[in-house]
Amino acid sequence: MAQLEETAARLIREADKRWPPEKVPSNARHVLATIGAQPYRDRQSRTPAGGAAGGSGGHTGEVHIELYPSEQRAASAERMKSLWRELTGPIPDTRDLEFTASLISSGDAIHVQLRGPKTEALRSAAADVTSRLARYPGVFDIADSFQDGKQELKLRILPSAEAAGLTLRDLGSQVRQAFYGAEVQKIQRGRDELRVMVRYPEAERRSLGDIESMRIRLPDATAVPFSAVAAVELSRGFASIRHNERQRVIDVTADVDETQANANEIIADLRTKELPAILAQYEGVGFTFEGEQREQSDTFANFRRGFILSLIAIFALLAIPLRSYVQPLVVMSAIPFGFVGAVLGHVVTGRDLSMLSVIGILAAAGVVVNDSLVLVSFVNRRRAEGLSARESVVEAGASRFRAILLTSLTTFLGLTPIMLERSLQAQFLIPMAISLAYGVAFATAVTLLVVPAMTLAIDDVKAFAARHFGRAPRRAEVA
208 MAQLEETAAR LIREADKRWP PEKVPSNARH VLATIGAQPY RDRQSRTPAG GAAGGSGGHT
268 GEVHIELYPS EQRAASAERM KSLWRELTGP IPDTRDLEFT ASLISSGDAI HVQLRGPKTE
328 ALRSAAADVT SRLARYPGVF DIADSFQDGK QELKLRILPS AEAAGLTLRD LGSQVRQAFY
388 GAEVQKIQRG RDELRVMVRY PEAERRSLGD IESMRIRLPD ATAVPFSAVA AVELSRGFAS
448 IRHNERQRVI DVTADVDETQ ANANEIIADL RTKELPAILA QYEGVGFTFE GEQREQSDTF
508 ANFRRGFILS LIAIFALLAI PLRSYVQPLV VMSAIPFGFV GAVLGHVVTG RDLSMLSVIG
568 ILAAAGVVVN DSLVLVSFVN RRRAEGLSAR ESVVEAGASR FRAILLTSLT TFLGLTPIML
628 ERSLQAQFLI PMAISLAYGV AFATAVTLLV VPAMTLAIDD VKAFAARHFG RAPRRAEVA
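Written as structure tokens, this is what we have:
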């Protein structure tokens, strides 16, 4: 802890030197060190996506640096985290050392949960997975959830004792009575009740040798030395045994430096190649991905169901007034281009796609159909007045171009202040604003070309079908 506190102070001085802030005296507000608890990690673990809590006790601790708001400081939290890790280096006799820089955690970048019936097999498999993760460039803070417990004695009955009728339960009971004691009676003294325990004298129950020298009574009432019927082994037990779906589990977690590696590519390689090869050596051990990957999978599954329902609702709402099953598809053809525009927007702005970006894409799907609907409705009115499909499309493009362009342009400009905002509160809205703004802008540009082309193509198909399979369409017939 002393080394971490010292490097925290060095970190602040070095960060202020490299990235001097203009609005505040320092990038960091204050430093808080705690021993025996991990309050910030435990607070994250209570969130739905959080992992196992960090635990408590004299062997744990945490150093927390609170930074000024992002719009006031010059150094990003990720930069300071990397610099802190670099300045700290390895700490002797430290089992786990983890650096995090996250206001709201959705889980570790890589979180593999191993499941199986035997803890020893899980422990060995976790060690193999940990060593394999260490080979990937850009992967750091690799740890597993296994924690050694207190020392314990394991008793094992010899075959000769089993033949004499001695069971492990009888052996354990006699050892317990000798060292812990057996209650023989209770004595009432006023309001207090005293228990009377019978056990070996203190001088005869101090060491492992006292167990090996004690005498064990067999079912036939004969007493024999402990070493003649059993063996004792000193080992370390488990601090806790976690279960999930009635199976024992151990979690292996790691973080990824996005400037050196891609977490999704590493997870794909683990899922298809590395993990199956490692776990083939351990019978009954399986794996699942938890943490950020599980959160993304669950969220995308929910979004997928909701998006399908929204497409059905949009189709129904368009089919009723248009009185057609084909024209709603023409109107909805702008939706895929909204997706493309949202992705291009993230490329242009240099931001990664996130859950909030997906929410913005779904919102853009309901907005981009407006321009298509304006064009199709105008074409239908002109067709009803007797114009041909080509004449109606040309007039719709000329008449509605300004309205469509201004609508999309005002939407984009209205979202621009959010995309340019640097405050911490705006960071959660910027991905959605990028998806919506660029999705609408790109879909509008493509809609002005695709919707007229699709309208004319459908009219040609109907005319061809009418010539060969039925009556010729009337001039005023709506496509």
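Residue numbering for the sequence shown follows the working numbering, beginning at 208 and increasing consecutively.
Cβ coordinates follow ideal geometry from the N, Cα and C atoms, glycine included.
One thing to note: residue 326 has its Cβ within 9 Å of the Cβ of residue 448.
Buried is the label assigned to residue 549, since at least 16 other Cβ atoms lie within 10 Å of its Cβ. Between the alpha carbons of residue 281 and residue 557 lies a distance of about 19 Å. Here residue 451 carries a strand assignment [DSSP, helix/strand/coil].
Residue 317 and residue 221 have their C-alpha atoms spaced approximately 30 Å apart. Here residue 661 has 537, 540 as same chain residues with Cβ atoms under 8 Å from its own Cβ, once five neighbours each way along the sequence are excluded. Under the three-state reduction of DSSP, residue 520 is assigned to helix.
A Cβ-Cβ separation of about 6 Å places residue 663 in contact with residue 596 under the 8 Å criterion. Residue 413 carries a coil assignment under DSSP once its states are collapsed to helix, strand and coil. Residue range 268 to 274 is occupied by the beta strand (DSSP E) that includes residue 270.
Excluding its 5 nearest sequence neighbours in each direction, residue 417 has C-beta neighbours in its own chain below 7 Å: 411, listed in chain order. Taking every protein chain shown into account, the CB of residue 320 has 16 or more other CB atoms within 10 angstroms, so this residue is buried. Contact between the region 628 to 647 and the region 581 to 598 is absent, with fewer than three C-beta pairs closer than 8 Å. Shown here for residue 226: same chain residues with a beta carbon closer than 6 Å to its own, the five before and five after excluded, namely 281, 282 in chain order.
Non-local beta-carbon contacts of residue 400 in its own chain, meaning distances under 8 Å to residues more than five positions away in sequence, involve 393, 394 in chain order.
Residue pairing of residue 237 in beta bridges, as defined by DSSP: 273. Per the coordinates, the alpha-carbon of residue 614 lies some 14 Å from the alpha-carbon of residue 573. Three or more Cβ pairs closer than 8 Å define a contact, and the region 489 to 506 meets that threshold against the region 321 to 341. When secondary structure is reduced to three states using DSSP, residue 533 falls in the coil class, being assigned neither helix nor strand. Under the three-state reduction of DSSP output, residue 396 falls in the strand class.
Leaving aside the five residues that flank residue 464 on each side, the residues in its chain whose CB is nearer than 6 Å to its CB run, in chain order, 345.
The region 368 to 380 makes contact with the region 418 to 425: 3 or more CB pairs, one atom from each, lie closer than 8 Å. Listed in chain order, the beta strand (DSSP E) elements of length 3 or more contained wholly in the region 649 to 682 amount to none.
Distance check between residue 632 and each of 277, 328, 360, 612 places 277 closest, using alpha-carbon atoms only. Look at residue 618 here: in three-state DSSP terms it is helix. For residue 424, the enclosing beta strand (DSSP E) begins and ends at 422 to 424. Distance from the CA of residue 343 to the CA of residue 528, rounded to the nearest whole angstrom, comes to 57 Å. Distance from the Cα of residue 637 is smallest, within the candidate group 673, 564, 510, for 564. For residue 431, the enclosing beta strand (DSSP E) starts and ends at 430 to 432.
With at least 16 other beta carbons inside 10 angstroms of its own, residue 553 counts as buried. Taken through DSSP and simplified to helix, strand or coil, residue 460 comes out as strand. Residue pairing by DSSP puts residue 364 in a beta bridge opposite 437.
Setting aside the 5 residues that flank it on each side, residue 234 is surrounded in the same chain by 219, 222, 223, 226, 228, 274, 275, 280, 281, 282, 287, each with a C-beta closer than 8 Å to its C-beta; the list follows chain order. For residue 495, there is no enclosing alpha helix (DSSP H); the residue is part of the beta strand (DSSP E) that begins and ends at 493 to 496. A direct Cα-to-Cα measurement between residue 665 and residue 671 gives close to 10 Å.
In the structure shown, the three-state DSSP call for residue 467 is coil.
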